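Numbering (UniProt numbering), first residue to last: 1 to 195. Virtual Cβ for every residue (Gly too), placed ideally from N, Cα, C. Predicted model, so just to flag it, every value in this text is computed and none were measured. Below you'll find the structure, written out as structure tokens, and then a few comments.
Structural data, given as structure tokens:
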């Protein structure tokens, strides 16, 4: 039993493994909600390990950061580091767990939102839209990149509002999904892009 205190980064890795397990049908979405909540409140590494010990993905080594291929954001403020790694914290469950509202650009203040749009099959085109339009829109509101993989980009501001950008490639198109918590200016800008 590992009684070492868990870090936010370790909690987030466990939640990512749980999300992957749910998308592969290994656990149900209700169970994903329960296990994710338990992961975010886990105090020790053994509590985290217990949440993924029955999942094959839990035995995989950590995935190294992939090389840049169109997801490289334009130069700007660096990710927000801490002693234990980036301060990446989900402020709400992923969009497939609960119904999320659309952009609602007329609604003032910081609001939860979800938006999707399609681009041609070449993911580099979607990557250019993200780096040229979406990331600058978020940076103007003090969001910084805190997590990046080949198909996901997570930005967060000082209030710990988080916006996730996912790209998924299909045979004839690439789908971009953006969700999180953002002010009206960001939601309005995203509405213009999604038209």
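What is the rounded straight-line gap between the Cα of residue i and the Cα of residue j?
i           : j           : result
residue 129 : residue 139 : 15 Å
residue 74  : residue 163 : Note on residue 74: pLDDT 41, under 50, position unreliable in the model; no value is reported.
residue 28  : residue 18  : 10 Å
residue 25  : residue 55  : 11 Å
residue 178 : residue 10  : 24 Å
residue 148 : residue 154 : 6 Å
residue 170 : residue 121 : 7 Å
residue 190 : residue 53  : 39 Å
residue 108 : residue 131 : 26 Å
residue 185 : residue 145 : 18 Å
residue 209 : residue 41  : The requested residue 209 is not part of the displayed model; the chain covers only 1 to 195.
residue 62  : residue 150 : Low local confidence applies: a pLDDT of 42 at residue 62 is under 50, so the model's placement there is unreliable, with the coordinate-based value given in what follows. So the two alpha carbons sit approximately 14 Å from each other.
residue 22  : residue 134 : 28 Å
residue 30  : residue 12  : 18 Å
residue 106 : residue 115 : 15 Å
residue 90  : residue 152 : Note that residue 90 has pLDDT 40, beneath the 50 cutoff, so the model's placement of it is unreliable and no number is given.
Looking at C-alpha atoms only, which residue of the options is the closest neighbour of residue i?
i           : options             : result
residue 1   : 8, 12, 48 and 15    : 48
residue 141 : 5, 115, 107 and 156 : 156
Which of helix, strand or coil does DSSP assign to residue i?
i           : result
residue 170 : coil
residue 121 : coil
residue 116 : strand
residue 20  : helix
residue 71  : Bear in mind that a pLDDT of 46 at residue 71, under 50, signals an unreliable position, so the model cannot answer this.
residue 37  : helix
residue 5   : strand
Who are the Cβ neighbours of residue i in its own chain at under 6 Å, not counting the five residues just before and after it?
i          : result
residue 15 : 36 and 39
residue 81 : For residue 81, the predicted model reports a pLDDT of 40, less than 50, meaning its position is unreliable; a value from the coordinates is still stated below. Cβ within range, chain order: n/a, list empty.
Output needed for residue i: all residues of its chain with C-beta closer than 8 Å, excluding positions within five of it in sequence on either side, in chain order.
i           : result
residue 117 : 175, 176, 193 and 194
residue 110 : 159, 161, 181, 182 and 183
residue 101 : 111, 112, 113 and 114
Just to confirm my understanding: we take residue i, look at its own chain, exclude 5 residues before and 5 after, and list those with CB closer than 7 Å. What are they?
i           : result
residue 126 : 119, 167, 174 and 176
residue 104 : 111, 113 and 187
residue 3   : 44 and 46
residue 5   : 43 and 44
residue 143 : 155, 156, 157 and 163
residue 172 : 121
Under 9 Å, Cβ to Cβ, is there at least one residue of chain C near residue i?
i          : result
residue 38 : In the structure shown, chain C does not exist; there is a single protein chain.
Note down, one range per segment and in chain order, each beta strand (DSSP E) of at least 3 residues found wholly within the region 127-187. Counting only runs that start and end inside the region 127-187, the beta strand (DSSP E) elements of at least 3 residues fall at 144-148, 152-156, 162-169 and 173-182.
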